[in-house]
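Here's the structure, in structure tokens; my notes come after.
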Amino acid sequence: MSVKIRLRRMGRKKLAHYRIVATESSSPRDGRFIETLGYYKPMEHPARLILDLEKVDEWVAKGAIQSDTVRTLVNKARRGGDSSVALGEMDPEEASQVKAAALTEKRKKEAEAAAAEAAAAEAAAAEEAAAAEAAAAEEEAEEAPAEEEAEEAPAEEEAEEA
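Residues in the sequence shown are numbered from 7 upward in steps of one, following the working numbering.
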């Protein structure tokens, strides 16, 4: 008797879920089985995998052959460190690290934007101050020759009188 560990299809049309079962290799896909080892629900979000790893190890030790799909699911369950795994879902620690990194990145960008805005405002203020100084210097330059002409005119009048 050759035993296989494979998926047994359950559910209705287009809403499948699977039982992971130990069965004789000659029995049909949804036929008789020896023992249920777990469940796989790919239609849930995220996909759910509930698996008894001890029973799987027992059957493999007895010589049962795993199908390719079951082998990958068992490996994912082992990596998850738990017999009940939500595939495609992050563990809470990893999720909090990702969230913290995203928040740090956001704050860094906001700080850079604020610094750039402050630098732009500072540059604009410096430009306005330089323009005001230039205008004041021009006014002083225009007023200085007018004062000199005003001072020279009375001196010429005195020279003419003498």
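Heads up, the beta-carbon is just placed ideally off N, CA and C, and yes, glycines get one too.
Inter-residue spacing [alpha-carbon to alpha-carbon] between residue i and residue j
i      : j      : result
Ala83  : Glu111 : 32 Å
Asp36  : Arg18  : 13 Å
Ser33  : Asp58  : 22 Å
Phe39  : Ala53  : 24 Å
Val80  : Asp63  : 10 Å
Glu128 : Ala136 : 12 Å
Glu100 : Ala138 : 57 Å
Ser31  : Ala107 : 49 Å
Ala124 : Glu145 : 31 Å
Gly69  : Lys10  : 9 Å
Glu148 : Ala141 : 11 Å
Ala126 : Ala132 : 10 Å
Ser102 : Ala122 : 30 Å
Among the options, the one whose alpha carbon lies nearest that of residue i
i     : options                     : result
Leu55 : Leu43, Val66, Glu64         : Leu43
Arg77 : Pro98, His51, Tyr46, Ser102 : Tyr46
Thr29 : Glu60, Glu50, Glu116, Trp65 : Trp65
Lys20 : Ala132, Ala131, Glu50       : Glu50
Pro48 : Met16, Ala141, Glu118       : Met16
Identified DSSP bridge partners for residue i
i     : result
Met16 : His23
Val66 : Paired residue(s): none; Val66 is not in a bridge.
Thr29 : Lys10
N- and C-terminal bounds of the beta strand (DSSP E) containing residue i
i     : result
Arg54 : 53 to 57
Glu41 : 41 to 47
Residue i burial status per 10 Å Cβ neighbour count (16 or more: buried)
i      : result
Ala120 : exposed
Leu109 : exposed
Thr75  : exposed
Val104 : exposed
Arg12  : buried
Ala143 : exposed
Arg85  : exposed
Arg14  : buried
Range of the contiguous alpha helix (DSSP H) that encloses residue i
i     : result
Gly86 : 74 to 86
Neighbour flag for residue i against chain D, beta carbons, 9 Å
i      : result
Lys105 : The structure shown contains no chain D; it holds only a single protein chain.
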